[in-house]
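Peer 1: Attaching a single structure in structure tokens format; questions to follow.
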Amino acid sequence: MTTVTRFAPSPTGRLHVGNIRTALHNWMLAAKRGGRFLLRIDDTDAERSREEYVEAIRTDLAWLGLSPDGEERQSQRMALYEEAFEQLRAAGRIYPAYETQQELELKRKIQLGRGLPPIYDRAALQLTEEQRAAKEAEGVAPHWRFKLDHDEPIAWDDGVRGSQKFDAAQLSDPVIRRADRSWLYMLPSCVDDIAMGITDVLRGEDHVSNTAVQIQMFTALGAPPPRFAHEALLVGREGKLSKRLGSLGCDAFRERGIEPEALIALLARLGTSQPVEPIAAREVLVNTFDLSTFGRAPAKFDDAELERINAAIVHQLEYSAVADRLPDGMDEAGWHAIRPNLQTVGEAQDWWKLVTGPIEAREFDEETRAYLATAADALAWSDTPWADLTATLKDSTGRKGKALFLPLRQALTGMDHGPDMGELLPLIGEDEARTRLRAAATA
Ligand code: GLU
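Right, here's the structure in full:
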């Protein structure tokens, strides 16, 4: 059976690094098995969902290179949920309940006070027909609960957590629909997973108890449950999902010059037993993707690690991948010369000034000025002007090492360090190079 995974964000905000990781892992799981990766927009909450966020989710996934093979929107699938609701209700698996939030709160407090788990007591199931009618006559609209089958054991082999078992009697019958008839997440998600042919649900471990309930929903709806895997949550370096991490999205990364491939290389393996490496080739990450390497401990997101990976990825990027983001006139040779010095592609702008000028003027002592004058005279053009020049100067002046190279670099670039001079000098060009050497010799 072809693997079908889905990423199911609610469009109530921008994607943050935690969602991005979930999207990536679902994409990779499908890619590794030659399957399909679907986007499901969980927009049943009309109040909080925004069209601009739907757009942003698509844009962010495109930027990350995680384009879905299909898209569904829950707001357009209401008829399906209604149908499932009627089916389950007819089967006695859904019942109306009339407690107010305060009443439920009070029940919970009493249970906790007695040292009991705060499980819903199913009082609504005890109501007689007359009592229900009386509630409705008072204008109390019911909310709806899914009735768990206490005799049906709940178990699954979790792709990350291994064998999982739940006792339905230890769970509350979940509210699936509010009094205003709007949907909670639980039932629509099952209905869609069935209709969309989802074979694998991979999501955060905060959904483990939802899975326990949903497994019974799948069965009640007459469908085999998909495979489930729950990954440990992503936390900041401090150990918890900080506010900052929760707001860290693609825009923020892009503005900081983080390449999507760097983010992907990090998130692909963070929290797994595989080493996080600056792997720019997506197929390498896909081929080595393996849920069994995922750990149970929270995955720690570290900005400094992301920056290190980003720099290493930038050093591998091909000219064609960055050409539209480079300063005017910077060609492939320019990119190759500058690339090893960059933390971000955006920094190419500053480094390119070493080629186009003007460069920072330096002051040299008399002896060095004489040396630079010699260099200006000795400069001859070829395919390898730097190697030629330094070889000539080494012979004629007896200088070597730093004394040979550093004044030339300083005179030609205004800096103490930077790109390989063998690559840079041809880009600066003969006339400009001679002009710079002479200017330094007479300064
Ligand atoms: N919209 C849900 C969420 O963002 C989807 C959870 C799931 O993957 O089933 O939490």
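Residues in the sequence shown are numbered consecutively from 11, following our numbering.
C-beta: ideal position from N, C-alpha, C; glycine also.
1. Assuming the contact rule is C-beta atoms closer than 8 angstroms, Ala239 and Val296 should be a hit. Round their C-beta distance to whole Å, please.
2. Span of the beta strand (DSSP E) holding Ala107?
3. May I have the straight-line CA-CA distance separating Arg266 from Ser302, to the nearest angstrom?
4. Please state whether the Cβ-Cβ distance between Phe17 and Ala41 is less than 8 angstroms.
5. CA-CA distance, Ile319 and Gly28?
6. Three Cβ pairs or more, each shorter than 8 angstroms: is that satisfied between the segment 314-331 and the segment 345-357?
7. Rounding to the nearest angstrom, what Cα-Cα distance links Ala151 and Gly172 in this structure?
8. Sort out for me which residues DSSP pairs Arg237 with in a bridge.
9. Closest to Ile30 by CA distance: which of Ser182, Gly214, Leu137, Arg191 is it?
10. Taking just the CA atoms, how far does Leu258 sit from Leu25?
11. By DSSP, does Glu248 sit in helix, in strand, or in coil?
12. Taking Cβ to Cβ, would you say Thr13 is nearer than 8 angstroms to Ser59?
13. Using the Cβ count rule (16 or more neighbours within 10 Å means buried), how would you classify Met88?
14. Going along the chain, which unbroken runs of the beta strand (DSSP E) with 3 or more residues stay wholly within the segment 264-346?
15. Any heavy atom of the ligand GLU closer than 7 angstroms to the CB of Ser20?
16. Taking the alpha-carbon of Ala134 as reference, which of Tyr108, Leu126, Leu437 has the nearest alpha-carbon?
17. So, is Val211 buried or exposed, given that buried needs 16 or more other C-beta atoms within 10 angstroms?
18. Any heavy atom of the ligand GLU inside 7 angstroms of the beta-carbon of Tyr195?
19. Would you call the CB atoms of Ala222 and Phe176 closer than 8 angstroms?
20. Examine the ligand GLU and report whether any of its heavy atoms sits within less than 7 angstroms of the Cβ of Ser85.
21. Using C-beta distances below 6 angstroms, list every residue in its chain close to Pro78, excluding the 5 sequence neighbours before and after it, in chain order.
22. Using a Cβ-Cβ cutoff of less than 8 angstroms, which residues in the same chain neighbour Ala388 once the five nearest sequence positions on both sides are dropped?
23. Mind checking whether Arg187 and His153 have CB atoms under 8 angstroms apart?
24. Taking only the alpha-carbon atoms, compute the straight-line gap between Tyr63 and Leu434 and give it to the nearest angstrom.
25. To the nearest whole angstrom, what separates the beta carbons of Tyr381 and Pro417, a pair I think is in contact under 8 angstroms?
26. Taking 7 angstroms as the cut-off, is the CB of Ser199 close to at least one heavy atom of the ligand GLU?
27. Which residue marks the beginning of the alpha helix (DSSP H) containing Ile204, and which one marks its end?
28. Relative to the C-alpha of Ala94, which candidate in Asp202, Glu271, Gln353, Ile348 has its C-alpha closest?
29. Give the DSSP-derived three-state secondary structure of Leu48 in the structure shown.
30. Check whether the Cβ atoms of Arg103 and Ala309 sit closer than 8 angstroms, and answer yes or no.
31. Under the three-state reduction of DSSP, which class applies to Glu440: helix, strand or coil?
32. Give me the residue from Lys157, Pro184, Leu194 with the minimum Cα distance to Gly52.
33. Just to check, is the beta-carbon of Met26 closer than 7 angstroms to a non-hydrogen atom of the ligand GLU?
34. Nearest to Pro395 by alpha carbon, out of Asp167, Ser219, Met431?
35. Which parts of the segment 396-453 are runs of the alpha helix (DSSP H), unbroken and 4 residues or longer, counting only runs that do not cross its ends?
36. Using a Cβ-Cβ distance cut-off of 8 angstroms, determine whether Ala383 contacts chain C.
Peer 2: Concretely, from the data shown:
1. So it is not a contact: roughly 16 angstroms between Cβ atoms.
2. 104-107
3. Roughly 33 angstroms separates the two Cα atoms.
4. No. Outside cutoff.
5. 18 angstroms
6. Per the Cβ contact rule, the segment 314-331 is in contact with the segment 345-357 (3 or more Cβ pairs under 8 angstroms).
7. 42 angstroms
8. Asp210
9. Nearest Cα to Ile30 within the set Ser182, Gly214, Leu137, Arg191: Gly214.
10. 8 angstroms
11. coil
12. No. Outside cutoff.
13. exposed
14. Within the segment 264-346, the complete beta strand (DSSP E) runs of at least 3 residues are 309-311.
15. yes
16. Tyr108
17. Counting Cβ neighbours within 10 Å, Val211 comes out buried, since at least 16 surround it.
18. yes
19. yes
20. no
21. For Pro78, where only same-chain residues beyond five positions count, the Cβ hits under 6 angstroms are Phe47, Leu48, Leu49.
22. Leu399, Thr402, Leu403, Ser406
23. yes
24. 45 angstroms
25. 6 angstroms
26. yes
27. 196-205
28. Asp202
29. strand
30. no
31. helix
32. The question names Gly, but residue 52 is Asp in the sequence shown. Comparing Cα positions, the closest option is Leu194.
33. Note that residue 26 is His in the sequence shown, not Met. Not so, every heavy atom of the ligand GLU lies at least 7 angstroms from the Cβ.
34. Met431
35. 411-423, 431-438, 440-452
36. Going by chain labels, chain C is absent from the structure shown, which holds only one protein chain.
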